[in-house]
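Asker: With this note's numbering applied, the sequence shown corresponds to residues 437 to 555, in that order.
No residue lacks a Cβ here, since even glycine has one placed at the ideal position from N, Cα and C.
Computed from a predicted structure; not experimentally measured.
Take a look at the following structure, please.
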Amino acid sequence: MTTWFESNPKSEAMLAEERLILSTTELVHNAMERRNMSQAELAQRLGVDPDLLRRQLAGECDMTVRSLAAMLHQLNAAMNLDDAFAQYADESLLLARVFTDADVRHDLDDVLTELGVDE
């Protein structure tokens, strides 16, 4: 069976990057949807060019942790990485919690499952 993905250290690192980019941008999009906020409104609140925000959320340019924190703050959301664990070769769970309201929490694993991304 031929596969398009060749597993090697470089490709595994790239895949890890893409998974994190996808899950992060999806979290921002979900928070925007819950707050009924457009990209234009979020860009205005952040004081950034709307095209920069569009490119960040499309994964076309890098997003800093500071810019992510600013986005989540404007969306009245937060991403708690205090309990995050790196995924080990023994397939330990990757834990990261997203708090959008005091009573609404989503596990990163649930988001990845919803996106159809296998770990």
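1. By DSSP, does P515 sit in helix, in strand, or in coil?
2. Alpha carbon to alpha carbon, how far is E442 from R490? Give it in angstroms, no decimals.
3. Which first and last residues belong to the alpha helix (DSSP H) in which A479 is found?
4. Just the C-alpha distance for Q492 and E469, rounded to the nearest angstrom, thanks.
5. Less than 8 Å between the CB atoms is what I'm expecting for M499 and L482, so what's the real figure, rounded?
Answerer: For this structure:
1. As a working mapping, residue 515 is identified with position 79 in the sequence shown. The question names Pro, but residue 515 is Met in the sequence shown. If DSSP states are grouped into helix, strand and coil, M515 belongs with the strands.
2. To locate residue 490, count along the sequence shown from 1; it is residue 54. To locate residue 442, count along the sequence shown from 1; it is residue 6. Computed Cα separation, rounded: 31 Å.
3. Position 43 of the sequence shown, counted from the first residue, corresponds to residue 479. A479 -> alpha helix (DSSP H) spans 475-482.
4. Counting from one through the sequence shown, the residue named residue 492 turns up at place 56. Counting from one through the sequence shown, the residue named residue 469 turns up at place 33. Distance between the alpha carbons of Q492 and E469: 17 Å.
5. Sequence index remark: in the sequence shown, residue 499 carries index 63 (1-based). Sequence index remark: in the sequence shown, residue 482 carries index 46 (1-based). Not really, about 12 Å apart at Cβ, beyond 8 Å.
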